[in-house]
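Everything in the sequence shown is counted per the UniProt record's numbering, starting at 1 for the first residue and increasing by one.
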Amino acid sequence: MTIIAVTAAQPGAGKTGVAAAIARALAYSGRPTRLVRLAEPGSRAAEDARWYSGLEFAPGSPAEPLADVPEVAAGETLVVECGAGAAPAGAVVVAVTRGAGAAAPPANAAAVVQLAVPGVRGVQAQSGRPLHIQVGEDRTLAGFALDEALRWLHAEVLLPGELPEDTTSDHLVIAPIGSDAGQPYFLRFPSMTVVARFDRTDMHLAALRASPNALILTGGRNPSGYTLDAASASGVPIVLSRTDTENTVIALERVFEGTRFRGERKLDRMSELLAGTGLFEALLQPIPATA
1 MTIIAVTAAQ
11 PGAGKTGVAA
21 AIARALAYSG
31 RPTRLVRLAE
41 PGSRAAEDAR
51 WYSGLEFAPG
61 SPAEPLADVP
71 EVAAGETLVV
81 ECGAGAAPAG
91 AVVVAVTRGA
101 GAAAPPANAA
111 AVVQLAVPGV
121 RGVQAQSGRP
131 LHIQVGEDRT
141 LAGFALDEAL
151 RWLHAEVLLP
161 GELPEDTTSD
171 HLVIAPIGSD
181 AGQPYFLRFP
191 SMTVVARFDR
201 TDMHLAALRA
211 SPNALILTGG
221 RNPSGYTLDA
231 ASASGVPIVL
241 SRTDTENTVI
251 ALERVFEGTR
261 FRGERKLDRM
271 SELLAGTGLF
281 EALLQPIPAT
291 A
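This is the structure we're talking about:
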C-alpha cells in the first residue's frame with residue numbers, strides 16, 4: 001500500500017488541485033486510487049471532500065473530511081490532502097506553496113509545487129530531491145464559478161440554468177457598446193461570464209450564441225422575454241444585479257481571488273501543467289510501502 005500526502009502550510013495554497021491531478025494520473029496508469037481529505041481548521045475541507053467523492057477515477061473517496069487516514073487496501077494508493085503538520089508517517093510528501101518567496105519545504109518532501117508564481121510563464125521544473133516545480137499565474141486555475149460571483153453581488157437569480165454547479169469561467173466579459181461588435185467579440189473568450197445592461201437584448205442574444213457560462217444583467221430591472229427564452233433554451237443561468245454596470249463590475253473585481261479548485265476545466269488544466277514536469281513519472285515509480 002502507498003500513501004502520498006499533498007500538504008501546504010496554509011489553506012488556499014492550491015493543494016486540492018495538485019492532489020486531484022496526481023490521483024488522476026495514478027488512476028489512469030492503472031493504480032486503484034482514492035482521494036482523502038483530512039480535517040484542517042480554517043480550510044474548505046468539507047467542500048473538497050465532497051468534490052473528491054464524485055470523481056469517477058477515484059471511487060470510494062470519502063465524502064467528508066476525516067480525522068485520520070483510513071485503512072489502505074493491498075495494491076491501493078491513497079492521495080491524502082492535509083495540512084503541513086498532518087502528513088501520515090511514512091507517506092511520500094508533495095509540498096504545495098503559493099506565490100513568490102515560499103518557505104523552505106519539509107525535509108522529507110519528494111516534490112515541491114509552487115503555484116501562481118509572479119514572473120513565471122507556464123511551468124518550470126528543476127530536477128533533484130525535492131523536485132521543484134514552479135507554475136505561473138494561470139487564468140483557468142483562477143477561474144470562478146457562479147456561486148463565487150454571487151457572493152460579491154446584491155443580485156437575484158432569474159434563471160438557475162442547467163450547467164454543472166462546478167462550471168468555472170476564465171473571463172469576466174463586459175458587453176461592448178456597439179451592437180455590431182456583439183457575437184465576434186464574445187467568441188474571443190472560450191470560457192466566460194458576461195455582464196450587460198438589462199435592456200441590451202441585442203447583446204444578450206449575441207452573448208448567448210457564444211455559449212457563456214452565465215449572464216449577469218445590471219440595472220435591477222427584468223430583461224426582455226426574448227432574453228429569458230433564449231437563455232432558458234440554452235440552459236444558461238441569468239443573474240440580475242441591483243446596481244448599475246460600473247458598480248457591478250467594481251464589486252466583481254476580486255472575484256478571481258481565492259476561488260475554489262473544482263470542475264473538469266480546472267482539473268484538466270492542472271493535469272496539463274504538471275504533465276511535463278516529471279512529477280507524475282516520479283510518483284508512478286515503485287514507492288516503498290507505507291508501514
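Every residue, glycine too, gets a C-beta built ideally from N, C-alpha and C. Since the structure is predicted, the reported quantities are computational estimates derived from the model, not experimental observations.
Check, Outcome
"Looking at the structure shown, is residue 78 part of a helix, part of a strand, or coil, going by DSSP?", "strand"
"Cβ-heavy atom distance between residue 177 and the ligand GDP below 7 Å?", "The ligand GDP is not part of the structure shown, which contains no ligands of any sort."
"Going by Cα to Cα distance, which pick from 199, 205, 171, 175 is closest to residue 189?", "171"
"Identify every residue that forms a DSSP beta bridge with residue 192.", "171"
"Can you pull the DSSP bridge partners for residue 124?", "134"
"Taking just the CA atoms, how far does residue 277 sit from residue 104?", "20 Å"
"Using 8 Å as the threshold, is the segment 251-271 in touch with the segment 227-237, meaning 3 or more CB pairs across them?", "no"
"Is the CB-CB distance between residue 194 and residue 212 below 8 Å?", "yes"
"Counting only runs that start and end within the segment 209-236, where is the alpha helix (DSSP H) found for 4 or more residues in a row?", "225-234"
"Taking 8 Å as the limit between beta carbons, can you name the residues of its chain near residue 130, skipping five residues before and five after?", "95, 105, 109, 110, 111, 112"
"Is the separation between the beta-carbon of residue 26 and that of residue 16 shorter than 8 Å?", "no"
"DSSP puts residue 34 in a beta bridge; with which residues?", "78"
"With distances taken Cα to Cα, identify the nearest neighbour of residue 88 among 122, 55, 267, 37.", "37"
"Starting from residue 18, trace the alpha helix (DSSP H) both ways and give me its first and last residue.", "15-28"
"Could you check what DSSP says for residue 2 in three-state terms: helix, strand or coil?", "strand"
"Check each candidate in 230, 221, 257, 175 and name the one with the smallest Cα separation from residue 241.", "221"
"Taking residue 240 as part of the alpha helix (DSSP H), name the residues at either end of that continuous run.", "That residue, residue 240, is in no alpha helix (DSSP H); its beta strand (DSSP E) goes 238-241."
"Considering only the alpha carbon of each residue, which of 267, 187, 79 lies closest to residue 138?", "267"
"Count the other CB atoms, across all protein chains shown, that sit within 10 Å of the CB of residue 162; report buried if there are 16 or more and exposed otherwise.", "exposed"
"Kindly indicate which residue of 152, 31, 285 has the alpha-carbon position closest to the one of residue 59.", "31"
"Using only CA atoms, which one of 198, 204, 168 lies nearest to residue 185?", "204"
"Is DSSP giving residue 93 helix, strand or coil here?", "strand"
"Measuring CA to CA, which of 152, 83, 148 is closest to residue 68?", "83"
"Considering only residues of the same chain and omitting the five flanking positions on each side of residue 57, which have a CB-CB separation below 6 Å?", "24, 27"
"Is it buried or exposed, residue 121, if we count other Cβ atoms within 10 angstroms and call 16 or more buried?", "exposed"
"Please report the straight-line C-alpha distance between residue 152 and residue 3, rounded to a whole angstrom.", "39 Å"
"Tell whether a beta-carbon distance below 8 Å holds between residue 169 and residue 143.", "yes"
"Excluding five sequence neighbours on each side, which residues of the same chain lie with their C-beta closer than 6 Å to the C-beta of residue 132?", "112, 126"
"Mapping DSSP to helix, strand and coil, what is residue 288?", "Its pLDDT being 49, under 50, residue 288 is placed unreliably in this model, and the value from its coordinates should be taken loosely. Correct three-state label for residue 288: coil."
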